Structure formats: C-alpha cells, structure tokens
Amino acid sequence: METIGADIVIQVLREEGIDVIFGYPGAATLPIHDRLMNSPIRHYLMRHEQAAAHAADGYARATGKVGVCLATSGPGATNLVTGIATAFMDSTPMVALTAQVSTSLLGQDAFQETDIIGITMPITKHSYQVHNVKNLASTMRQAFELAKTGRPGPVLVDLPRDILASKCELAGERGASTLKMNGKRAETPEQIEKIARALNQSERPLIIIGGGVKLANAFHLIRQLIEKANIPFVTTMMGIGSVDAANGYNLGLIGTHGNELANRIVHQCDFILAVGTRFSDRSTALIEEFAPLANIAQIDIDPTSIGKSIKINLPYVGDIRDALTALLPLVNEKEKSEWLQRIEAEREAAEKKIANGSGCGQAGDFIRKVQEAMPGETTVVADVGLNQIWTVRTWKARDPRSLITSGGMGTMGFSLPASIGAKVGCPERAVVAITGDGGFYMNIQELATVGYYNLPIKIVVINNGHLGMIRQIQDLFYNDRFNTIDLGSKVDFVAVARGFGIPGSRIVVDENPQSGIEAMVNTEGPYLLEAVVDPNNYVFPIIPPGRSNIEMIHDRLD
Amino acid sequence: MTVRENTISILVNNKPDVLARIAGTFSGRGFNIESISANITRNPEITNIIITTIGDQETVIKLEKQLNKLVDVLEVRDLTDVSSAQREMILVRMKVTASNRDRFTQIVDIHSWKIVSTDADYCILEVTGDRQEIEDSLSLLETIGMEDFVRTGIVALKRCSPQQIG
Ligand SMILES: Cc1ncc(C[n+]2csc(CCOP(=O)(O)OP(=O)(O)O)c2C)c(N)n1
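Those sequence lines, one after another, are chains E and V.
Quick note on the numbering used here: the first sequence kicks off at 1 and runs consecutively.
Quick note on the numbering used here: the second sequence kicks off at 1001 and runs consecutively.
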C-alpha cells in the first residue's frame, strides 16, 4: 500500500502513544478511517460528534494523557464545538482532528465546507489547517506538544481531504521543538522566598487548590506542604480530589455552591496560597468582598490567570511542581492550633445549620449510598445542574482523577459521553455517570455506544422531572414563577435503556433505594438506575447572585 | 486608572489567520482597535502590527498577556510610555476652484505638504505627522474644500533599537 497523508496522521498519533480515539466518519475522514484498520489504534464510534469530544475530554481527565477526537468536515466539525469549548474551559489536553474539503475547494462553499478554524478560534489554544502534506507531521507534532505544555487545552488540526489522500513518504525523525514557550519566564528564587516568608508569618493561612494541581500532577507536593505546615485547604470544583477528601485539613468546596465552612474560612484567613486556580466568579462569588483580610500569593503556569479578577500580592508564573518543590524546604513546621481550633468552631456552627450534613437532602443521601456500594476505586462523572452540586458535595473523592465534571463551561450532557472516555481510559476502575434527567436527554444517544461496546458503566439518572437547578433559581429569585422547567414524567427511562440493550431499574429514593443500588452494583456490564427524587429537593446553602461568600442562604425564606 | 490611548507593537509570524486571532483577542474582551497598520519586517516571514487602543493601563497589560499567548505572536511591546517616533499619514482629496486656489496653494506651501495627484478641479494631498499634527491638518483642510480623506494607522518605532527578533 502506498503511503498517504493519513498514514502520517496515524504515525504521529502512534508516536504520541495514542491508542484510542473517539470519532465519527464522513467521506472526508475516510483516508484516516481506512488506514486506522492497519493500526493498533482503537477507534470508538460514538453516536454524535459532541459525544466524541466529551469522550476524548473524559479520557484525558481520567488518565492525564491527551484525548483525541476525530470528525468529518462541515456538520461533523461543528458538532464538536461544545465539546471543544468544554475542554478549553477546564484546560483539558486534547487534540481535535477535523477533516476538511480539498484545498482546491477551500473558500468555495463546497459541500460540507465550514470554516472550523474561524469557529473554534476563541475555544482552542491554537488551530492549524494543513495546506501541504510536507507540513503534516510537524503540524501534528506541534499540536500535541501545544495541547499538553503550559496550561493544557484543546488544539484543532483541520485536514483537507486531498492532503490526507496525497501520496507521500512517512515523516522523518521529530526535529527540535519550534514552539514558542509561553509562560516559561523563569521566576526568581526570591519570589518563592517571599511567598514562604509571608506564609510563615501568617497566623491564619489557607491554601486554595484549583484544577491546575491535577493538570500539573502536583498532588504529592501539595499534600506534603499541607502536612508539613499544618495548613487547612479548600478546593475549587476543578480541584476536588487533589488531596484525599478524608484528610482533616480539607474544608471543602468554595464558591457559590460550595460549603459554608470553606467560604467562611476564606473570609477569615489572613494569607491565601492559591495554586492552579484562576479565581473564577463561581469560586469567588462577589469579587469585591472576596477574602477581605488576606494577603494572596498565586502560583499558576498561565500568566493571564494571575490577577485576572483579583489583586495578587505575590504572583508566581510557572510550573506548580517547580514552585512547590522550591517552597517546601522554606516553610516552617508550625503549630497552628489557635487557627485550627477556630476552624473547628466554625465547622460545628456550619454543620448545625444544615439538617443532614451536605445540604443536598435525599439526593445527597442517595449519592452517598451509591458511593458506599461501589468499589473504592470508582470514578464518578457528574453532569451539570443540581445533580452536579449534590455529587461534588457528597462524593468523597479519594484519588485525584476520580471525580470528573464540566466546571468552567457547565455543559449539560457531558457526563454520559465523558464517562465513556473515562472507562476506556481506565478500564480497571469502576465508572459511575451521575446525571439529571435534563442533561441525560442531551446525549442520550450515547446509550447506544455504551451498549454496543458493552462498557460496564453505571448510569445513575436522578430524575426530578424538572430542570432542577433552574427550578431552584425560579423558586428563590423569581418568586416561584415556574416556567419552562417541567420535563414531565411520561418517559420510561428503564424502557429506553432496555431499547439500547442496557438493563436497568427504577427506584424512588425516599422509599427503598437500596434494592436498586444493589441491582446496579451486582449486574455485570452497563446498568441504568433511574432514581426519582422530589423536585423540591434543592441544594442549600447557596450564595445568591451578586452576594459575597459569607452571605449564604439556607432555605427559601432566608 | 486613567483611560488613554495606547500604542502596541506586535511582531507575528506572517500567516493568514494571525490577524483574525489578534482581532479576536481584542474584540473578545470588549476592546476596540482604534487604528491598525501592518507590514512585513526585514524578515519577510515576520510582520509588525501596530495597534492603538483605548483603555487603562491595567487592562492593557492583561490584553498584552493574552496576545502573548497566541502561538504566532513573537513579541508584544507597549510603546505608549517608551520613547518612540509615532507617525500617521493621510491622503486628502481637495476640490480646487478659482475661489480657493490661492489660499490652498499658500497653505500647502507653508506646510510643505506634497501634492501626489492633480487634475482639472481636484488634487490629492499627502500629509504625514504625529496624531496631533494630523488632527490639526484635517481641521484646517476642512475649512478650505476638503472632499474626502483616508488615514493610515499609527506606525511607531522605538527610538533605541530593541533586540532583533527573527
Ligand atoms: C447545554 C446546557 N444548556 C443549558 C444549561 C443551563 N442549565 C444549567 S443547570 C440546568 C438544569 C439541569 O437540569 P437536569 O439535567 O434535569 O439536572 P438537575 O438540575 O435537575 O439535577 C440548565 C438548563 C446548561 N448548563 N447547559
């Protein structure tokens, strides 16, 4: 067989250690799909390109490797867009390959031509359109390098059909990187010394762990720092699980849907070491009143993340591992009994206000039971809505990559396809996808993928018959004028699952959830558990829009 | 923070989509490009784009960081506060009739402006200068029969040579 451009694509994928891609064919991708038959790379045929992007994203989040998705030109490419944006917002390393019409047809409104480079400009780290097969290998190599270096993110490579089909030789050895290294400005040791001094002098220090700690594989270092210096920590939604949740220093999730304790302590601390977080509005609530007493040090690889929304007293641009390695020997092993005591008192006060610990009601209790029934090595993939908040507030994430969710973008429909990627990436781990009924509808076709490949994913649909999170907002802030949130109760999800070849059952969480949970855990292979909850089961406390993070409300009347 | 006009000089790889990415970086953050000029440098693979934009210093610094993240951006230099030469050019079409010819000729002579094209009733005038000079020239020409004009963006060059790229 003669070598063609598609072989170079596969050659670079192999070089990069890629053994799985998630995709969907079209006439324009066929050179690649054809040559994939001769390669050990497994191609998962999803049932929608959006799902291919989410699966690649889930794969990357679960494994720490680059996820790859592949779609055809035109509608295939545009279907990837939500998935690419989701990966971009959470800095997932991903390479999206799109086929394109032949170079001779570019710009002619050819059949299935779309300017995917233009469309994805603001949601990719970079994108390339290959115009000459000579540049194909170097472009693909650069795309991978870019996806995983610095602040990771999605990179798109648009591959015109004639380039994929054109005869050529396989690429030679990889040359030296020509990539401009953004954010590689070396920080001086003094900067770390300053941070260490401020940390050592502070009386009420706090660490904020963001998603960057996972991306940088800095779990051990951050744990050492926490333990050595006795510093309590909070996490953003993306930082959950970076350090074992059972660790006594973990005060929980900050932000609008975070734990009361975490938010109150942010308000009281006198020093913050923020690691790998960009201080998103979800984390800070009303920015003007965020951490009013704190001197803030921020470590991040992306210079644009530093001081984007708040003033940073001690910035450090660089790799989190380098920063923490330098910082560790400089911090004092200090008793902070007074501070920790004060935190304990706050903890008691916060817990008293919340009836059952998590503020997630029957849904939270149910999720806890699901976790108890599942193996310790389980990855949970939460969707978006109340179900996301219930999950992130009750699931005890014990490993860094064991809780996956769309944080920055909040993409409904993420969990089912992302769980496919997570399962394919880590087949040895159990995988639970938790979703609301609304989000489930958004990529429900992926039941077919789960069934076809017989992926043993446990799908938990928490059915409140409503767009629950929006319902809560209407209830609280629109004088309970409910509109456009009723999803009805006519759909038989168990029958739907059965139609896709997936067994399932339905339970009412208020009655006897255990039977359904047991059936799910004891059934081999995929399973769908529909769990009916009361639509009035919300999440509390929350921070209303425009308020600071100590102004949490505890019920509808607050 | 005071809002002012800023001049940013950007060295980029000379590629088709670079300008779109730069424009997107501005528009995505609500910045307007007041003026723009671009052309290749000594190294034809590198283009120098000079943009002026209005904003306070802090926001402009954030914008520069964002520009720096673009893969094809090689260097971003804020020329607002550094010593630099900044010039613009206008081409002005004048209607020249018996009633304004003398005054027009006189003004052109005083300023040593250059006439680049003439026919029976019209001529096109070339004026260069810094922003203020251009503004003043336009006001003056407006009073003596200016019909239309085009204006380049500012081109700016740092006075002492920056380290060469490329
Ligand atoms: C794709 C998309 N569309 C709309 C929204 C806005 N949104 C956020 S939460 C939510 C309701 C989710 O309802 P459901 O999936 O049933 O979950 P629940 O809140 O009931 O747990 C909506 C519509 C979104 N986040 N994503």
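Cβ atoms here follow ideal geometry from the backbone N, Cα and C, with glycine treated the same way.
Remember, predicted model here, so these are calculated numbers, not experimental data.
Practice item. Check residue 1056(V) in the structure and name its three-state DSSP category. Key: strand
Exercise for review: Tell me whether residue 177(E) sits in a helix, a strand or coil according to DSSP, three-state version.
Suggested key: coil
Review point. Near residue 1003(V), which residues of its chain fall below 7 angstroms by C-beta distance, leaving aside the five closest residues on each side in sequence?
Key: 1054, 1055 and 1056
Check your understanding: Looking only at C-alpha atoms, which of 331(E), 266(E) and 306(E) sits nearest to residue 289(E)?
Key -> 266(E)
Review point. Residue 273(E) and residue 207(E): beta carbons closer than 7 angstroms?
Key: yes
Exercise for review: For residue 1066(V), decide whether its Cβ has a neighbour in chain E, counting only Cβ atoms nearer than 7 angstroms.
Suggested key: yes
Review point. Does the separation of the CB atoms of residue 387(E) and residue 318(E) fall below 7 angstroms?
Key: no
Practice item. Give, in chain order, every unbroken run of the alpha helix (DSSP H) that is at least 4 residues long and sits entirely within the segment 483 to 551 of chain E. Key: 493 to 499 and 513 to 522
Review point. Does the beta carbon of residue 303(E) sit closer than 7 angstroms to a beta carbon anywhere in chain V?
Key: yes
Check your understanding: For ligand 1, any of its heavy atoms closer than 6 angstroms to the Cβ of residue 537(E)?
Key -> no
Check your understanding: Using a Cβ cut-off of 7 angstroms, which residues of the segment 1029 to 1058 of chain V contact any Cβ in chain E, in chain order?
Key -> none
Review point. Any residues in the segment 107 to 123 of chain E with a beta carbon nearer than 9 angstroms to a beta carbon of chain V? Which ones, in chain order?
Key: 117, 118, 121 and 122
Check your understanding: Quick one: is the Cβ of residue 89(E) within less than 6 angstroms of any heavy atom of ligand 1?
Key -> no
Exercise for review: Anything in the segment 137 to 151 of chain E with a Cβ closer than 9 angstroms to a Cβ of chain V? List those residues in chain order, please.
Suggested key: 142, 146, 150 and 151
Review point. Of the residues that make up the segment 330 to 358 of chain E, which ones have a beta carbon closer than 9 angstroms to any beta carbon in chain V?
Key: none
Exercise for review: May I ask you to report which of helix, strand or coil DSSP gives residue 112(E)?
Suggested key: coil
Check your understanding: With burial defined as no fewer than 16 other Cβ atoms inside 10 Å of the residue's Cβ, what is the status of residue 1058(V): buried or exposed?
Key -> exposed
Review point. Are any of the Cβ atoms in chain E nearer than 7 angstroms to that of residue 1150(V)?
Key: no
Point to revise | 7 angstroms Cβ cutoff, residue 1071(V) in contact with chain E | key: yes
Review point. Relative to the alpha-carbon of residue 281(E), which residue among 305(E), 531(E) and 353(E) has its alpha-carbon at the smallest distance?
Key: 305(E)
Review point. Within the 7 angstroms Cβ cut-off, does residue 126(E) reach chain V?
Key: yes
Review point. Anyone know if the C-beta pair for residue 405(E) and residue 364(E) falls short of 7 angstroms?
Key: no
Exercise for review: Could you tell me if the beta carbon of residue 508(E) falls within a distance shorter than 6 angstroms of some heavy atom in ligand 1?
Suggested key: no
Check your understanding: What does DSSP give as the partner residues of residue 300(E) in its beta bridges?
Key -> 317(E)
Practice item. Keeping to the same chain, check which residues put their C-beta closer than 6 angstroms to that of residue 1165(V); ignore five residues upstream and five downstream. Key: Below a pLDDT of 50, predicted positions are generally treated as unreliable, and residue 1165(V), at 49, falls in that range; no measurement from the model is reported.
Point to revise | residue 217(E) to residue 156(E) span [Cα, whole Å] | key: 24 angstroms
**Study point:** Residue burial classification, residue 1160(V) (beta-carbon count within 10 angstroms, cutoff 16)
**Key:** exposed
**Study point:** Neighbourhood of residue 463(E) by C-beta distance below 6 angstroms, restricted to the same chain and skipping five residues each side
**Key:** 437, 530 and 532
Review point. What residue range is occupied by the uninterrupted alpha helix (DSSP H) comprising residue 1125(V)?
Key: From DSSP, residue 1125(V) is part of no alpha helix (DSSP H) but of the beta strand (DSSP E) over 1122 to 1129.
Check your understanding: Hey, how far is the Cα of residue 1032(V) from the Cα of residue 1026(V)?
Key -> 7 angstroms
Review point. How close, in whole Å, do the beta carbons of residue 362(E) and residue 510(E) come, if the pair is a contact with beta carbons under 8 angstroms?
Key: 6 angstroms
Review point. Using the beta-carbon of each residue, which ones in chain V are nearer than 7 angstroms to residue 228(E)?
Key: By Cβ distance, chain V contributes nothing, its closest Cβ being about 33 angstroms from residue 228(E), past 7 angstroms.
Review point. Taking Cβ to Cβ, would you say residue 279(E) is nearer than 7 angstroms to residue 254(E)?
Key: no
Review point. Once you ignore the five residues that flank residue 1155(V) on each side, which residues in its own chain have a CB closer than 7 angstroms to its CB?
Key: 1037, 1050 and 1087
Practice item. Answer yes or no: do residue 95(E) and residue 144(E) have a C-beta to C-beta separation smaller than 7 angstroms? Key: yes
Practice item. Alpha carbon to alpha carbon, how far is residue 343(E) from residue 293(E)? Give it in angstroms, no decimals. Key: 16 angstroms
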